[in-house]
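Keeping their order, the protein sequence lines are chains A and R. Each number in my numbering comes from the position in the first sequence (counting from 1) with 29 added on. Each number in my numbering comes from the position in the second sequence (counting from 1) with 29 added on. Heads up, the beta-carbon is just placed ideally off N, CA and C, and yes, glycines get one too. Beneath this line is the structure, given in structure tokens, with notes to follow.
2 protein chains.
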Amino acid sequence: MRLPDDAAGRQRNTRQRHAVSALLAEVNDFRTAQDLHGLLRGRGDRVGLTTVYRALQTMADAGEVDVMRLPSGEQLFRQCSRSHHHHLVCRRCGRTVEVAGPTVESWADRIASEHGFVDISHTVEIFGTCRACATG
Amino acid sequence: MRLPDDAAGRQRNTRQRHAVSALLAEVNDFRTAQDLHGLLRGRGDRVGLTTVYRALQTMADAGEVDVMRLPSGEQLFRQCSRSHHHHLVCRRCGRTVEVAGPTVESWADRIASEHGFVDISHTVEIFGTCRACATG
DNA sequence: GCGCAGATGATAATGATTGTCATCTGCGTT
DNA sequence: AACGCAGATGACAATCATTATCATCTGCGC
Numbered sequence: 030m031r032l033p034d035d036a037a038g039r040q041r042n043t044r045q046r047h048a049v050s051a052l053l054a055e056v057n058d059f060r061t062a063q064d065l066h067g068l069l070r071g072r073g074d075r076v077g078l079t080t081v082y083r084a085l086q087t088m089a090d091a092g093e094v095d096v097m098r099l100p101s102g103e104q105l106f107r108q109c110s111r112s113h114h115h116h117l118v119c120r121r122c123g124r125t126v127e128v129a130g131p132t133v134e135s136w137a138d139r140i141a142s143e144h145g146f147v148d149i150s151h152t153v154e155i156f157g158t159c160r161a162c163a164t165g
Numbered sequence: 030m031r032l033p034d035d036a037a038g039r040q041r042n043t044r045q046r047h048a049v050s051a052l053l054a055e056v057n058d059f060r061t062a063q064d065l066h067g068l069l070r071g072r073g074d075r076v077g078l079t080t081v082y083r084a085l086q087t088m089a090d091a092g093e094v095d096v097m098r099l100p101s102g103e104q105l106f107r108q109c110s111r112s113h114h115h116h117l118v119c120r121r122c123g124r125t126v127e128v129a130g131p132t133v134e135s136w137a138d139r140i141a142s143e144h145g146f147v148d149i150s151h152t153v154e155i156f157g158t159c160r161a162c163a164t165g
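Here it is, written out as structure tokens:
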């Protein structure tokens, strides 16, 4: 047990991973993998699509980025605060707001316990139209 | 205005739609479209996969079936109660429990309103391991 | 500088879902 | 009971995001 995080600590510092990470920090919003790949290419960074997917997957596993899924099924990635939270998404312009939800957390846990479920996790997404889009 | 639900009331009673509907009533659980199609074929009902998808889509639009999405992105269909509710799903055996959540509903609405969002909808899924799977 | 495990990327493969389109069939009308 | 047509069907092709392959490359510890 010399290396507690043995399996996880094997990632290298590559140009590509850094590029993806930097881009996520820049566009502070949810983007698809394909989208991010396009942006990288557009700015001249030469990164393969496969690599973008892999980088995002790795970062997601490490808790460095959030993954959410659109009703259509596509997954979106974003650099988010590390703590558990959910998202409020404008279905028109895509603007997102992080929302903390102690209410839901405890509700979900309670409901699950009442039914004898253990090892609970949950997903919550809220969709709506933001003020700008509604009035514009 | 002889037909108030003009646009929606155009569905015909076909053998195929009935077969899909009957199967859903039988297996009271979430199934993929492909899965349902396989079951129909297995029992001798001759129905095209495309038609199964269309039937499910139509029924979902009409609120007759529930659609949920696995973390992997595949969508599952189930005949459910008409009222709005969410699901508690065993990640091991797939058993599902319908849960009503006035708490979340109001929470989601309140959060969204506070941020100026309108026309709110939301998705909530709770995953866990049911007692049977946890002890077994 | 060496060497190799991990990383990359062009490409093919996968797999669920949707589009196409010629044909068929409820079902209201005649 | 036959008619006609809008909606329905289904075999097949197409899409599209994501993943698998695999030969090659490169951090980075030695």
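Tell me the rounded alpha-carbon separation between A/LEU69 and A/ARG46. Translated into positions along the first sequence, residue 69 of chain A becomes position 40. Translated into positions along the first sequence, residue 46 of chain A becomes position 17. Those two C-alpha atoms are separated by around 11 Å.
Which word fits A/VAL153, buried or exposed, when buried means at least 16 other C-beta atoms lie within 10 angstroms of its C-beta? By 1-based counting over the first sequence, the position of residue 153 of chain A is 124. Burial call: buried.
At least one CB of chain R closer than 8 Å to the CB of A/THR80: is that the case? In the first sequence, the residue the question calls residue 80 of chain A occupies position 51. By this cut-off, A/THR80 is not an interface position.
Length of the line joining the Cα atoms of A/ARG120 and A/THR61: Position 91 of the first sequence, counted from the start, is the residue given in the question as residue 120 of chain A. Position 32 of the first sequence, counted from the start, is the residue given in the question as residue 61 of chain A. Roughly 15 Å separates the two Cα atoms.
I want to see whether chain A comes within less than 8 Å of R/VAL94, judged by CB atoms only; does it? Residue numbering aside, residue 94 of chain R sits at position 65 when the second sequence is read from its first letter. It does not; no Cβ of chain A falls within 8 Å.
On the CB-based measure, 16 or more other CB atoms within 10 Å of its CB, does A/PRO33 come out buried or exposed? Start at 1 with the first residue of the first sequence, and residue 33 of chain A comes out as number 4. Confidence at A/PRO33 is low in this model, with a pLDDT of 40, below 50, so its placement is unreliable and no value can be given for it.
Which residues mark the beginning and the end of the beta strand (DSSP E) in which R/GLY157 is found? Taking the first residue of the second sequence as 1, we reach residue 157 of chain R at position 128. Taken as a continuous stretch (DSSP letters only), the beta strand (DSSP E) holding R/GLY157 covers 147-158.
Whole angstroms is fine: what's the gap from A/VAL126's alpha carbon to A/LEU117's? Indexing the first sequence from 1 puts residue 126 of chain A at position 97. Indexing the first sequence from 1 puts residue 117 of chain A at position 88. The alpha-carbon atoms of A/VAL126 and A/LEU117 are separated by roughly 5 Å.
List the DSSP bridge partners of A/GLN108. The count along the first sequence starts at 1 and reaches residue 108 of chain A at position 79. Bridge partners of A/GLN108: A/VAL94.
Beta-carbon gap between R/LEU53 and R/GLN104 smaller than 8 Å: Here residue 53 of chain R refers to the residue found at position 24 of the second sequence. Here residue 104 of chain R refers to the residue found at position 75 of the second sequence. Contact: no.
Simplified DSSP state of R/CYS119, which is helix, strand or coil: For this step, residue 119 of chain R is matched to residue 90 along the second sequence. Here R/CYS119 sits in strand by DSSP.
When burial is assigned at 16 or more other CB atoms within 10 Å of the CB, is A/GLY157 buried or exposed? Numbered from its first residue, the first sequence carries residue 157 of chain A at position 128. So A/GLY157 ends up on the buried side.
Which residues bound the beta strand (DSSP E) around R/THR125? Walking along the second sequence from the start, residue 125 of chain R turns up at place 96. Its beta strand (DSSP E) spans residues 125-128.
What do you reckon, are the CB atoms on A/ILE140 and R/ILE155 nearer than 8 Å? What you label residue 140 of chain A is simply residue 111 of the first sequence in a count that begins at 1. What you label residue 155 of chain R is simply residue 126 of the second sequence in a count that begins at 1. Contact flag set, yes.
Output yes if chain R places a C-beta closer than 8 Å to the C-beta of A/PRO33; else output no. As a working note, residue 33 of chain A is residue 4 in the first sequence. The predicted position of A/PRO33 is uncertain, since its pLDDT is 40 and thus under 50; a value taken from the coordinates is nonetheless stated next. Not closer than 8 Å to any Cβ of chain R, the Cβ of A/PRO33 fails to qualify, so no.
Does the Cβ-Cβ distance between A/ARG23 and R/GLY102 come in under 8 Å? The shown model of chain A, from 30 to 165, leaves out residue 23 of chain A, and the question about it has no answer.
Going along chain A, which residues have a C-beta under 7 Å from R/GLU154? Looking up residue 154 of chain R in the second sequence gives position 125. Under the 7 Å cutoff, chain A gives HIS151, THR152.
Closer than 8 Å by beta-carbon distance: list the chain R residues that pair up with A/LEU117, in chain order. As a position in the first sequence, residue 117 of chain A is number 88, starting the count at 1. Per Cβ cutoff of 8 Å: ILE140, ALA141, HIS144, PHE146.
Does the beta-carbon distance from R/MET88 to R/VAL81 come in below 8 Å? Translated into the one-based positions of the second sequence, residue 88 of chain R becomes position 59. Translated into the one-based positions of the second sequence, residue 81 of chain R becomes position 52. Result no, Cβ atoms of R/MET88 and R/VAL81 do not sit closer than 8 Å.
Could you name the residues that DSSP lists as bridge partners for A/THR87? Along the first sequence, one-based indexing puts residue 87 of chain A at 58. Answer is none; A/THR87 lacks a bridge partner.
From the DSSP output, which residues share a beta bridge with A/ARG60? Position 31 of the first sequence, counting from 1, holds the residue named residue 60 of chain A. In DSSP, A/ARG60 forms a bridge with A/PHE106.
With distances taken from CA atoms, which of R/HIS114, R/GLY67, R/VAL56, R/ASP148 is nearest A/THR164? One-based indexing of the first sequence puts residue 164 of chain A at position 135. Per the Cα distances, R/ASP148.
Give me the chain A residues within the contact set of R/GLY130, using Cβ-Cβ distance strictly less than 8 Å, ordered along the chain. Walking along the second sequence from the start, residue 130 of chain R turns up at place 101. Per Cβ cutoff of 8 Å: TRP136, ILE140.
Find the residues of chain R that neighbour A/ARG160, judging by a C-beta separation of less than 9 Å, and give them in chain order. One-based indexing of the first sequence puts residue 160 of chain A at position 131. In chain order: HIS144, GLY145, PHE146, VAL147.
On a Cα-Cα basis, can you pick out the residue from R/THR43, R/ASN57, R/ARG75 that is closest to R/PHE106? Against the second sequence, residue 106 of chain R aligns to sequence position 77. It is R/ASN57.
Spatial neighbours of R/LEU85 within its chain, please: C-beta separation below 6 Å, excluding the five flanking residues on both sides. Within the second sequence, the letter at position 56 stands for residue 85 of chain R. These residues qualify, in order along the chain: ALA62, PHE106.
Note down the Cα distance separating A/GLU55 from R/ALA91, rounded to an integer number of angstroms. Taking the first sequence and counting its residues from 1, one reaches residue 55 of chain A at position 26. Taking the second sequence and counting its residues from 1, one reaches residue 91 of chain R at position 62. Whole-angstrom Cα-Cα distance: 42 Å.
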